[in-house]
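*Asks:* Quick mapping for you: the protein sequence lines, in order, are chains A and B. The first sequence begins at 88 in our numbering and counts up by one. The second sequence begins at 4 in our numbering and counts up by one. Glycine residues also receive a C-beta, built at the ideal position from the N, C-alpha and C atoms. No experiment lies behind these values; they were computed from the predicted model shown.
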Amino acid sequence: MITGFLIRALDRNITVAIAVILAIAVLVPASNLLLSADNPLHIPTYIMALFGKYLCYALLALALDLVWGYCGILSLGHAAFFALGGYAMGMYLMRQIGSRGVYGDPVLPDFMVFLNWKELPWFWHGFDMFWFAMIMVLVVPGLLAFIFGWFAFRSRVNGVYLSIITQAMTYALLLAFFRNDMGFGGNNGLTDFKDILGFSVQANGTRAVLFALSAIMLALCLLIASGIVHSKFGKVLVGVRDAESRVRFLGFRVENIKLFTFVVSAMMAGISGALFVPQVGIINPGEFAPANSIEVVIWTAVGGRGTLIGPIIGAVLVNAGKSFFTGAFPDFWLFALGALFIAVTLFLPKGIVGTVAQYAASRKAYRRAQATEAAREAANQAEAGPTSTQAAE
Amino acid sequence: MLIRFISLFFLIIFAVAPSMAQEDARALFDALGKANFKQAEELVGKIASTGDPKVVPALEAFADGNLYARKSDGAVFIGTAAGANLALTDPMSGEKAGEEAKGALTKVKVNNGLRRAIRSALGGLTLLSPDKAIRMEAAQSILKSPSADSLELVETALSNETDMAVKAALEEARAASLLISDRPIEEKKAAVATIKAIGGQASLSLLSTALNSADEMLKPDIEAAIKSIQDTQSLWAMAQNIWYGLSLGSVLLLAAIGLAITFGVMGIINMAHGEMVMLGAYTTFVVQEIIRNSAPGLFDWSLAIALPVAFLVTGAVGLVIERGVIRFLYGRPLETLLATWGISLILQQAVRSIFGANNREVGNPSWMSGAFELGGLTITWNRLWIVLFAMVVFAFLLFLLKKTPMGLRMRAVTQNRRMASSMGIRTPWVDAMTFALGSGIAGIAGVALSQIDNVSPNLGQGYIIDSFMVVVFGGVGNLWGTLVGALSLGILNKFLEPSVGAVLGKILVLVLIILFIQKRPRGLFALKGRAVEA
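1. On the premise that alanine 28 of chain B lies in contact with leucine 58 of chain B, defined as a C-beta separation below 8 Å, what is that separation, rounded to the nearest angstrom?
2. Please decide whether serine 250 of chain A counts as near chain B, where near means a Cβ-Cβ distance under 9 Å.
3. Can you pull the chain B residues whose beta carbon is under 9 Å from the beta carbon of methionine 178 of chain A, in chain order?
4. Roughly how many whole angstroms lie between the Cα atoms of isoleucine 184 of chain A and alanine 290 of chain A?
5. For the beta strand (DSSP E) that contains asparagine 203 of chain A, what are its first and last residues?
6. Could you check what DSSP says for lysine 37 of chain B in three-state terms: helix, strand or coil?
7. Can you tell which of A:Phe138, A:Leu128, A:Ala96 and A:Ile89 has its C-alpha closest to the C-alpha of leucine 300 of chain A?
8. Exposed or buried, arginine 523 of chain B, counting other C-beta atoms within 10 Å across all chains shown (16 or more means buried)?
9. For chain B, check one thing: does any of its Cβ atoms lie closer than 9 Å to the Cβ of leucine 97 of chain A?
10. Is it the case that the CB of leucine 147 of chain A approaches a heavy atom of the ligand ADP more closely than 8 Å?
11. Taking isoleucine 381 of chain A as part of the alpha helix (DSSP H), name the residues at either end of that continuous run.
12. Going by other Cβ atoms of all chains shown within 10 Å of its Cβ, with 16 needed for buried, is lysine 509 of chain B buried or exposed?
13. Excluding the five sequence neighbours on either side, which residues of its own chain have a C-beta within less than 6 Å of the C-beta of valine 364 of chain A, listed in chain order?
14. Is it buried or exposed, alanine 469 of chain A, if we count other Cβ atoms within 10 angstroms and call 16 or more buried?
15. Less than 6 Å between C-beta atoms, sequence neighbours within five positions excluded: which residues of the same chain meet that for glutamate 480 of chain A?
16. Does DSSP put phenylalanine 286 of chain A in a helix, in a strand, or in coil?
17. Pairing CB atoms from the region 335-350 of chain B with CB atoms from the region 270-288 of chain B, are three or more of them under 8 Å?
18. Any Cβ of chain B within less than 9 Å of the Cβ of glutamine 254 of chain A?
19. As an exercise, report each continuous alpha helix (DSSP H) stretch of at least 4 residues that is fully enclosed by the region 157-222 of chain A, in chain order.
20. Given that threonine 432 of chain A touches chain B, what residues does it touch there, using C-beta distances under 7 Å?
21. For asparagine 419 of chain B, I'd like the list of residues in its chain whose CB is within less than 6 Å of its CB, leaving aside the five on either flank, ordered along the chain.
22. At the level of alpha carbons, what is the spacing between threonine 102 of chain A and serine 359 of chain A?
23. Looking at alanine 445 of chain B: is its Cβ nearer than 9 Å to the Cβ of alanine 179 of chain B?
24. Quick one: is isoleucine 264 of chain B near chain A, going by C-beta distance under 9 Å?
25. In angstroms, rounded to a whole number, what distance separates the CA positions of leucine 231 of chain A and methionine 256 of chain A?
26. Aspartate 418 of chain A versus chain B: which residues are under 9 Å apart at the beta carbon?
27. What residues from the region 500-515 of chain B come within 8 Å of chain A, judged by C-beta to C-beta, listed N to C?
28. Can you find the residues in the same chain that come closer than 8 Å, C-beta to C-beta, to serine 250 of chain A, ignoring five residues on each side of it along the sequence?
29. Going by other Cβ atoms of all chains shown within 10 Å of its Cβ, with 16 needed for buried, is aspartate 33 of chain B buried or exposed?
30. Using a Cβ-Cβ distance under 9 Å, would glutamine 464 of chain B count as near chain A?
31. Quick check on the burial criterion: 16 or more other C-beta atoms within 10 angstroms. Buried or exposed for glutamate 98 of chain B?
32. So with Cβ pairs under 9 Å, would you call glycine 345 of chain B a contact of chain A?
33. From which residue to which residue does the alpha helix (DSSP H) around glutamate 374 of chain A run?
34. Within the region 215-260 of chain A, note down every full alpha helix (DSSP H) run reaching 4 residues or more, in order along the chain.
35. Could you name the residues of the same chain whose beta carbon sits closer than 7 Å to that of valine 341 of chain A, not counting the 5 residues immediately before and after it, in chain order?
36. Measuring straight from C-alpha to C-alpha, what distance separates phenylalanine 498 of chain B and alanine 213 of chain B?
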């Protein structure tokens, strides 16, 4: 069954994409670590860190594409799952600081000492263990998605209503995490990390490994997502997107299908957040901002909704553009981003990958049509040959 | 000769007597320079008992710590800062007495006990003043810091008083003083009743201090009075909460009502709606700037001028957006959401580039500043005007939708676009007008919100999620739903605030709305029929 899942998952495009991502996972860190700084092929650490960030965003966009592109749920709250995954990782990293913090408390993170707390809140227990934190990276976003989706899908909240309440969800979380007494560092969030599994987060080697891990996780999630959408379940999923009532009348439990997809997507978003935090070195409530979630939507839309590969390309392109523009023309970036939103929705509704695929398909169809035309012509000629000779006779 | 002598004698007496009294008080003041606090308190009493209104400014200066003794001769003066020196004023005559270096003077020290003594002495002095306003003030000051000593004075004043208002104030002052005196219990009971009738925080603290020293017979009375005052107070607090809620609700209503039209009638999600509000606020700013520079006299009219201007500006922007972008996206609500989000980013950045990222100062016209009291409520004028304005806008829109041909067409398109179209209604034109109307309403909401919020490029961002919550909660396509939704969310917010804090209250409201949507996915007042399935 697993092999069947894999065989269906690996159509030609996906295989190529996964191969490229894995090649990046090996080559970029290798170039950073093995080549000397004056080698033209050397990739400096800051570039690697930047692209590591883009890979996390790409994973987030992939997660959104799974629910939006294939299930028709436009979630405007995916940044919330991302941030929750990030906070789970951040809590682990905070616990690793130990007595090296400013106040030197062996257990309590600095901000708790600052707030005069005497003991660790219950939800911080266990985060000193890496495996527990990693489970939480999956469980916390997954659970939130499950509870939220269970309520929302069961009562058939659809379309824009769903989008608006997902936005309300992330907004509520934003407000909540800004509070100091939530126990997540309030406004400042979690930062000043020292090491992860004993390796310094600042070290080049750790950064290279984190980069490689981000790429590998992206490839893995791409494989899983591709497996889901190419399976029989995936066909139903697309059915839900295009004609929900019809699928329901055919006897499928639409809400369960949606819920499963939503939870899987939220977990992927959680993973991307968890990989993001050690590379960036901070997680704060700003990540919950509704604007962030909407930006994820535009990455997905630019690359191509419902293509799986598209969102990855879109996320990297848009973010690279953002890094470039905010450096070169800071005032210009929001104009560019706004124009991108409008242009993509008006002129490129299928996104880059979708449009290219459409063009390729039409070329193919055209060629096939030409080929059949030519064949028919040839056949006609072959048929006409004898007739003409007959006529000559 | 004898008569002459006698008359001379009287003349001398009459001429000298006041000056003797003055000399007396003067000596008393000088004695203050050497007195300790306890002696000073007695001296203040003696000064007050001269009954001379001239001592009032000197005593006031004493309470403020502006009385100084000259080191050379011990004479006491009122000192006011004049550069490095102090300008001296004679405490009795009020004449200037030159300047002295600070080092040549010692301050006559004053403590809180002394200040209280001075205040009650002053109260007694001014109670008999010929000026009604001063008498009133004196009565009120005794009410604020009653003492058993001033009781007799108050009663004397009360028997002489003719003005009704002052008399009432004196009665209250008398009751307050009586409560801590050693008068018989019946009188005290009456006093408790009087204080109960005044109500308010001051009476409450008055009664609770009295409760500690009161005898057993009186205690139940005082306790009952305290309870009744507390009950009234909590009623007023609730009224205040409702008022705050209404005020917040009407702000929400203003922000959301334009959205209710575009979202409700056209089914499109306009994420740039908040930016329309922002543009309206900036229009107000520009109008005020022009008025300030060219016609300052019109400043009080600035909002009235800004209203139509903002409506036209934002309406025009809305029209351009609809014709330029949105009309290509009908039937694709999620794409509309993204495109309008892009528009909102562009508008924000454009405003930031033109006006700068900082907050802009929008002035309040005189008729919108200040506050007034209504019973236990404090109502600020700008909030009151905004509540009224929101209601007017609501009524105007209701009229427009229900009673005009334009509204008829809009409703027809809402209910069944294709049928409306086949009846000859130009649906694209109706769409454009509807969107322009919604945007224009957002613009005039911006004029109102510029009065209570910071005018910055991010102004709209703060309202967009709340506005969507209101529309979704109230039900799409129904103005009454928006009204009820806005007001109930506003009031709910303000009632949660005192018990759980502002932020947590807001989170709770959001969670409640998310849960509510599960129960009624189409809001409080859902449209019935086929429109729902669209």
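*Replies:* Straight from the coordinates:
1. Taking the first residue of the second sequence as 1, we reach residue 58 of chain B at position 55. Taking the first residue of the second sequence as 1, we reach residue 28 of chain B at position 25. In the sequence as presented, leucine is not what sits at residue 58 of chain B; that position holds valine. Right, the Cβ-Cβ distance comes to about 6 Å (below 8 Å), so this counts as a contact.
2. As a first step, residue 250 of chain A must be located in the first sequence, where it is residue number 163. True, the Cβ-Cβ gap to chain B drops below 9 Å.
3. Taking the first sequence and counting its residues from 1, the one referred to as residue 178 of chain A is at position 91. Here the premise fails: no neighbours, minimum Cβ distance about 21 Å.
4. Position 97 of the first sequence, counted from the first residue, corresponds to residue 184 of chain A. Position 203 of the first sequence, counted from the first residue, corresponds to residue 290 of chain A. Each residue's alpha carbon lies about 16 Å from the other.
5. Here residue 203 of chain A corresponds to residue number 116 of the first sequence, with the count starting at 1. Counting along the chain, asparagine 203 of chain A falls outside any beta strand (DSSP E), and DSSP gives it neither H nor E.
6. As a first step, residue 37 of chain B is located in the second sequence; it is residue number 34 there, counting from the start. In the structure shown, lysine 37 of chain B sits in coil (DSSP, three-state: anything other than H, G, I, E or B).
7. Numbered from 1 along the first sequence, position 213 holds the residue referred to as residue 300 of chain A. Closest option to leucine 300 of chain A, Cα to Cα, is A:Phe138.
8. If you number the second sequence from 1, residue 523 of chain B lands on position 520. Its Cβ having fewer than 16 others within 10 Å, arginine 523 of chain B is exposed.
9. Stepping through the first sequence from its first residue, residue 97 of chain A is reached at position 10. No, because no Cβ of chain B sits closer than 9 Å to the Cβ of leucine 97 of chain A.
10. Because no ligand of any kind appears in the structure shown, any question about the ligand ADP cannot be addressed here.
11. Position 294 of the first sequence holds residue 381 of chain A. Where isoleucine 381 of chain A is concerned, the enclosing alpha helix (DSSP H) stretches over 377-390.
12. As a working mapping, residue 509 of chain B is identified with position 506 in the second sequence. Buried, because 16 or more other Cβ atoms sit within 10 Å of the Cβ of lysine 509 of chain B.
13. The residue you call residue 364 of chain A lines up with position 277 of the first sequence. So the list reads Gly173, Met176, Gly177 and Ile370, once near-sequence residues are dropped.
14. Locating residue 469 of chain A in the first sequence gives position 382, where the first residue counts as 1. By the 10 Å Cβ count, alanine 469 of chain A comes out exposed.
15. Along the first sequence, read from residue 1 onward, the residue named residue 480 of chain A stands at position 393. Unreliable placement is indicated for glutamate 480 of chain A, whose pLDDT of 43 sits below 50; the coordinate value is still reported in the next sentence. No residues qualify anywhere along the chain.
16. Here residue 286 of chain A is taken as the residue at index 199 of the first sequence, counted from 1. Strand, per DSSP.
17. yes
18. Working through the first sequence from its first residue, we reach residue 254 of chain A at position 167. By this cut-off, glutamine 254 of chain A is an interface position.
19. 165-184 and 197-201
20. On the first sequence, residue 432 of chain A is found 345 positions in, with the first residue counted as 1. The answer, in chain order, is Leu332, Glu338, Leu341 and Ala342.
21. Indexing the second sequence from 1 puts residue 419 of chain B at position 416. None.
22. Along the first sequence, one-based indexing puts residue 102 of chain A at 15. Along the first sequence, one-based indexing puts residue 359 of chain A at 272. So the two alpha carbons sit approximately 21 Å from each other.
23. For this step, residue 445 of chain B is matched to residue 442 along the second sequence. For this step, residue 179 of chain B is matched to residue 176 along the second sequence. No, these two residues do not count as a Cβ contact at 9 Å.
24. If you number the second sequence from 1, residue 264 of chain B lands on position 261. Judged by the 9 Å Cβ criterion, isoleucine 264 of chain B is not in contact with chain A.
25. Your numbering for residue 231 of chain A matches position 144 in the first sequence. Your numbering for residue 256 of chain A matches position 169 in the first sequence. In a straight line, the C-alpha of leucine 231 of chain A is about 10 Å away from that of methionine 256 of chain A.
26. For this step, residue 418 of chain A is matched to residue 331 along the first sequence. Chain B residues near aspartate 418 of chain A: Gln352, Arg355 and Ser356.
27. Val506, Leu507, Lys509, Ile510, Leu513 and Val514
28. The sequence position of residue 250 of chain A within the first sequence is 163, counting from 1. Hits under 8 Å: Leu161, Ser162 and Leu163.
29. Here residue 33 of chain B refers to the residue found at position 30 when the second sequence is read from its first residue. Buried is the call here.
30. For the purposes of this step, residue 464 of chain B is taken as the residue at position 461 of the second sequence. For glutamine 464 of chain B, the answer is yes, since a Cβ of chain A falls inside 9 Å of its Cβ.
31. Taking the second sequence and counting its residues from 1, the one referred to as residue 98 of chain B is at position 95. With fewer than 16 Cβ atoms within 10 Å of its Cβ, glutamate 98 of chain B is classed as exposed.
32. On the second sequence, position 342 is the one that residue 345 of chain B refers to. It does: the Cβ of glycine 345 of chain B has a partner Cβ on chain A nearer than 9 Å.
33. Here residue 374 of chain A refers to the residue found at position 287 of the first sequence. Element bounds for glutamate 374 of chain A: n/a, residue is neither H nor E.
34. 217-241
35. Here residue 341 of chain A refers to the residue found at position 254 of the first sequence. Taken in chain order, the residues that qualify are Val327, Glu331, Val334 and Arg335.
36. Within the second sequence, residue 498 of chain B is the residue found at index 495, counting from 1. Within the second sequence, residue 213 of chain B is the residue found at index 210, counting from 1. Phenylalanine 498 of chain B and alanine 213 of chain B: Cα-Cα distance of roughly 33 Å.
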